[in-house]
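I have placed the structure first, in the form of structure tokens, so that the comments after it can refer back to it.
Protein chains: 2
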Amino acid sequence: MPNPLLDDRGLSFILYDVLDAGALARWPHFADHGRETFDAWIDLCRRFARDVLFPSYRPLDAEPPVLRDGAVQVHPLLREIWPRLRELGVISAARPFDAGGQQLPATIALAANLYLQAGNCAAYGFAGLTSGAAHLVEAFGSPALRDRWLAPMHEGACTGTMALTEPQAGSSLADVRVRATPAGEHFLLSGSKIFISGGDHDLTPNVVHMVLARVDGAPPGTKGVSLFLVPKLRPTADGGLEPNDVRVPGLIHKIGWRGLPSVILALGESGDCRGWLVGEPGRGLAHMFQMMNEARIMIGANGVATASVAYLESLAYAQERPQGRPLTDRDPLSPQVPIVGHADVRRMLLRQKAIVEGGLALVLLAALQADRASHAPSPEARHRAQLLLDLLTPVAKTFPAEKGFESNALALQIHGGYGYSSEYLVEAWLRDQKLNSIHEGTTGIQGLDLLGRKVVAEGGGALRVLGEEIEAACARADRAGVDPAWTAGLRGATAEVGALTMELAGRGLAGDPGAMLLHSSDFLELFSTVVVAWTWMLQAAAAREGLSAGRGSPDLLHGKLAAAAYWLRFELPRIGPLVAACREGEDSYARARPEWF
Amino acid sequence: MPNPLLDDRGLSFILYDVLDAGALARWPHFADHGRETFDAWIDLCRRFARDVLFPSYRPLDAEPPVLRDGAVQVHPLLREIWPRLRELGVISAARPFDAGGQQLPATIALAANLYLQAGNCAAYGFAGLTSGAAHLVEAFGSPALRDRWLAPMHEGACTGTMALTEPQAGSSLADVRVRATPAGEHFLLSGSKIFISGGDHDLTPNVVHMVLARVDGAPPGTKGVSLFLVPKLRPTADGGLEPNDVRVPGLIHKIGWRGLPSVILALGESGDCRGWLVGEPGRGLAHMFQMMNEARIMIGANGVATASVAYLESLAYAQERPQGRPLTDRDPLSPQVPIVGHADVRRMLLRQKAIVEGGLALVLLAALQADRASHAPSPEARHRAQLLLDLLTPVAKTFPAEKGFESNALALQIHGGYGYSSEYLVEAWLRDQKLNSIHEGTTGIQGLDLLGRKVVAEGGGALRVLGEEIEAACARADRAGVDPAWTAGLRGATAEVGALTMELAGRGLAGDPGAMLLHSSDFLELFSTVVVAWTWMLQAAAAREGLSAGRGSPDLLHGKLAAAAYWLRFELPRIGPLVAACREGEDSYARARPEWF
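Residue numbers (the numbering used here), protein chains in the order written: chain A, 1 to 597; chain B, 598 to 1194.
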């Protein structure tokens, strides 16, 4: 049986039994929808992922794009796939009807995209980037820009990119140097961008770059950064297109996501690269954060998808591969058992399951907040959801990347020596996963964002909302008959994190941001562990509800309880020493001088 | 400056200031040696590693061996390297003078080999395997076999392999099926082996396989397994060589160690594959364990070496790459700082340093026990050292592999987007490292070995020796003026692990090995954390001694104290929840049924 990419029943359980995503259709914006249309869309993408994308995964990984005569050529299979992805309507699924979209909730779009990402993250990448870039144009572009570019982007007649990074400005976007010189209704851009995913290819004639640049005379730092739309081919007066002085001097040889080109862009080498301002001058970074935040959730989803496909691969292997005997069986003539029979293999499987399905619930929860923030009936509910979404974003971006990498390594480990060969796919997903802790803000950046901004925003308002949500989950679990030790553990951990946050914030308020943020990565790790424990409490509650009502597959529900037990009893207590280190201000690396290494 | 592979001063500090390896020369067996000859040997290998091996690393990784007309062709550079490795005398450095060796301590040989492994693990692999195979012949071979094979193996005129694994018998060696049929003074072997490193190549005409097989009529299980020497070319009556019916039907495409071929061997397809019994029939696995245990320490050393070279690469990058500003610097016009200036980057560097140098001390400590076990003057000291060596072997094999993988991932992470490209080497070392948790017994196997055998051996005798050694280290640290909180922490953790072991052993004695071994991998992790804390306590003590005496580089010694602080204050407390889970018998994966996944 081919790899299913995601567990269909498990996804449905989280969407409907855990998160009640069906209720979204009660709001006016989604009134044309219901569980039937949701499921139809997910099923369409699922089948496309299984039938078209996944079979192309290995060839795309094996033969990455090439740069020939200044133009990038992608894998020939992609040229067959792209028209079908366009036709499917993936790019604009969550956009409004009047923008040519299907007005689906972000939650449902993400659920469907998970299959596409699990099937072939590189192929999906073109669509995801185009979607985010189009949303920037939709949100901040002038009417003229929207008229000109939205339709072809939504239709996939051209693709989009986000062009932020420069050789000297990666994590430090305040140091963006690309210049934009006013020239009438457009600007002339000059400078270099690097690591631009989908920055050139031969799938469509045109590529629309969303570029951060600095208008001549703008102040230094982030306040001087503006956002520009820079097409590869620009419109001519007679309605045609002409080249726009965007050159591709180099291609990065990535170790994963190998179907998606990552390029260096040289803008305006001949002094004639035209860009159009998007939104307000000096607000480029703020605008770009709309796309960045969407991309962070998308990266989180990618981490989940990449861990999921590998988990399911290792599960099938463990169920088939005979090796060894139970500890109590000393008879060498008895048949060997499938390795899933060994406790340590089940440990590796259950840890993967807990990471994959905890991560899945996490990214869906984040997407659900995005839907609520935009479309919930009351302003209070919208505000509350926005706070929670902002808080969850660094967690949803990082947890699947970091723990997903561990999960992918376990999938390889379960395959033993076979897993170490490129005849098996598990090693490729391990390579794919590693990018997710780097792009769209490294794990270090996410830790600073969470502790330095998100948990302290609005006087800790987001943290209060999270606490209320966790308490509601525990109350639901109590009602459903979940082990009271589990809810007590989560309530205790939540209180502990709240107290720790107050204490750290106090250090910041006292004028010592260094002391506050010293352990920001450790804080992100322990905070994520608690957030994922919340998702497992929700899943445990829904599983108990299902078992009590005799609804759903008992195997599925018992599996949910086993993974919840693992996370709540084994992983959650591991935050203790991390909390202590943060609180005590353990300072070994703060004090270490560069010359001591 | 090119990558130094290992920190020379740090190695010397551990060898002489921490472990007093110079004292080995006081024993009769090493009487011809002294620190000067030790250092001369290390320096010779170091220079070879830097000048010859490391420059060949990238080409060997880029162009793995090919199988052509049934024969494996390695990278052409290897054919230049091999004669020089032979000439250097790496294979037999630790063997006695009368076996053509230099009679160096295993500790010193390992220290020198670390450079070779860090420079190019695949190239070193041929020598390491040959060394281990020759030692098997030396220890268990008949005089005729020794006469015939030892000299060419020690000289590197032919290479050796260990041929254990079969498609159906990887971790489960009881299921070895290759048959050996008596045929006079030799046996006729038939069957398949897989994943045989160095199993064929064109560096030397001949390859000597040490093969596990089952003599016709032997009992099932491990007791029926014998050890055979099976050369690729076998001796003829007239003193020549002829092919031995050993075919290579396939080559594994490994994702790392790519210069070292891993092959499938087909033995006796034409009914004429001759093998010679080594040691006693039915004792094959016991004999092979000599090579396996040596190989496990060698794999541990490889894990350290692979993490070391990547750590030093990321350290140099962090000291050079400007990006961002200190938290308190809000002036975008101030110059960017090297990323080593950011606390989170120093966290990633210090964690790597603690893993690399803790692992380094660990594998050297293990090798030192091997020297003591063979050559210490008193039988008591030899026995004590053997107990400790047996106990340390699964730890020395696994810690560098598992934590080294995390360390290698951090080295990549520090490089940001650049680290994700194959233009930089950090990704290649990450691939290399992953093999170490698989070959020579997976991490799961090591956990069962540690908890199921080693800690309970001789009524817990090995554990008592370890406890005494740790106490001695703490006493030394107390005398040297190390922070008493650190020694208190380590003493407490050691007592906790002792108590836990007793409790788990009790479950085994009560007839429930499943309950005893349930968390064996977690036990291995927490046990390793304590053992590495011991190595850091020793290093902290030696650092304080050096600072008090005004001896050694203050930067080096302060760096040692910073890494010791990190391990003892941050990592060591993290065993708490693991100990609790083992004790409570947290049973989520014990109870999970295969159909629940």
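C-beta: ideal position from N, C-alpha, C; glycine also.
Limits of the alpha helix (DSSP H) - the one that residue i falls within
i         : result
B:Ala1160 : Pro1151 to Ala1162
B:Asn803  : No alpha helix (DSSP H) holds B:Asn803; the beta strand (DSSP E) holding it covers Asn803 to Val812.
B:Leu1000 : According to the sequence shown, residue 1000 of chain B is Lys rather than Leu. Here the alpha helix (DSSP H) through B:Lys1000 covers Pro976 to Ile1011.
A:Gly514  : Pro513 to Leu517
A:Leu490  : Pro484 to Leu509
B:Glu750  : One detail in the question is off: residue 750 of chain B reads as Met in this sequence, not Glu. Pro740 to Glu752 is the extent of the alpha helix (DSSP H) around B:Met750.
A:Ala543  : Ser520 to Ala549
B:Trp1026 : Val1023 to Lys1031
A:Thr107  : Ala106 to Phe140
B:Ala546  : As displayed, chain B neither begins before 598 nor continues past 1194, which places residue 546 of chain B out of reach and without an answer.
B:Gly956  : Ala940 to His972
B:Gly686  : Taken as a continuous stretch (DSSP letters only), B:Gly686 belongs to no alpha helix (DSSP H), as it is neither H nor E.
C-alpha gap between residue i and residue j, whole angstroms
i         : j         : result
B:Gln1136 : B:Gly814  : 54 Å
A:Ser528  : A:Lys560  : 19 Å
B:Asp987  : B:Thr758  : 23 Å
A:Glu138  : A:Ala515  : 41 Å
B:Leu1115 : A:Gly489  : 23 Å
B:Asp1046 : B:Ala668  : 37 Å
B:His850  : B:Glu1065 : 46 Å
A:Gly546  : A:Pro554  : 8 Å
A:Phe140  : A:His287  : 7 Å
B:Arg665  : B:Asp797  : 11 Å
A:His439  : B:His751  : 50 Å
B:Gln670  : B:Pro858  : 9 Å
B:Arg647  : A:Leu500  : 48 Å
B:Asn841  : B:Pro828  : 7 Å
A:Glu571  : A:Ala564  : 10 Å
A:Val345  : B:Phe1194 : 12 Å
Under the three-state DSSP convention, the category residue i falls into
i         : result
B:Ala834  : coil
B:Arg643  : helix
B:Ile1042 : helix
B:Met598  : coil
B:Leu882  : helix
B:Ser859  : strand
B:Glu763  : strand
B:Pro680  : helix
B:Glu1068 : helix
A:Val225  : strand
B:Ser794  : strand
A:Ser190  : strand
B:Arg918  : coil
Interface residues of chain D facing residue i [CB-CB closer than 8 Å]
i        : result
A:Phe405 : Protein chains A and B are contained in the structure displayed, whereas chain D is not.
Cβ separation of residue i and residue j, assumed to be a contact under 8 Å, to the nearest whole Å
i        : j        : result
A:Ile297 : A:Ala396 : 6 Å
B:Trp624 : B:Ala973 : 7 Å
A:Ala473 : A:Trp567 : About 13 Å; that fails the 8 Å criterion.
A:Gly284 : A:Val225 : 4 Å
B:Asp640 : B:Gln700 : No, B:Asp640 and B:Gln700 are not in contact; Cβ-Cβ is about 18 Å, not under 8 Å.
Limits of the beta strand (DSSP E) - the one that residue i falls within
i        : result
A:Cys158 : Cys158 to Ala163
A:Gln73  : Ala71 to Gln73
B:Val934 : No beta strand (DSSP E) contains B:Val934, which DSSP labels as neither H nor E.
Would you say the stretch 234 to 242 of chain A touches the stretch 190 to 198 of chain A, given that touching needs at least three Cβ pairs under 8 Å? Verdict: no, contact absent.
Pairing CB atoms from the stretch 417 to 425 of chain A with CB atoms from the stretch 482 to 489 of chain A, are three or more of them under 8 Å? Judged by Cβ distances under 8 Å, the stretch 417 to 425 of chain A makes no contact with the stretch 482 to 489 of chain A, as fewer than three pairs qualify.
If we count Cβ pairs, one from each stretch, closer than 8 Å, do we get three or more for the stretch 936 to 951 of chain B versus the stretch 579 to 592 of chain A? Touching, per the Cβ criterion.
Are three or more beta carbon pairs between the stretch 918 to 938 of chain B and the stretch 870 to 890 of chain B nearer than 8 Å? Contact between the stretch 918 to 938 of chain B and the stretch 870 to 890 of chain B is absent, because fewer than three Cβ pairs lie under 8 Å.
Do the stretch 902 to 919 of chain B and the stretch 1014 to 1033 of chain B touch if we need at least three Cβ pairs shorter than 8 Å? Here the stretch 902 to 919 of chain B makes contact with the stretch 1014 to 1033 of chain B; the two share three or more CB pairs at distances below 8 Å.
So, does the stretch 205 to 221 of chain A touch the stretch 168 to 179 of chain A, judging by three or more C-beta pairs under 8 Å? Judged by Cβ distances under 8 Å, the stretch 205 to 221 of chain A makes contact with the stretch 168 to 179 of chain A, as three or more pairs qualify.
Stretch pair the stretch 708 to 725 of chain B + the stretch 642 to 657 of chain B: three plus CB contacts closer than 8 Å: Flag = yes, the stretch 708 to 725 of chain B and the stretch 642 to 657 of chain B touch.
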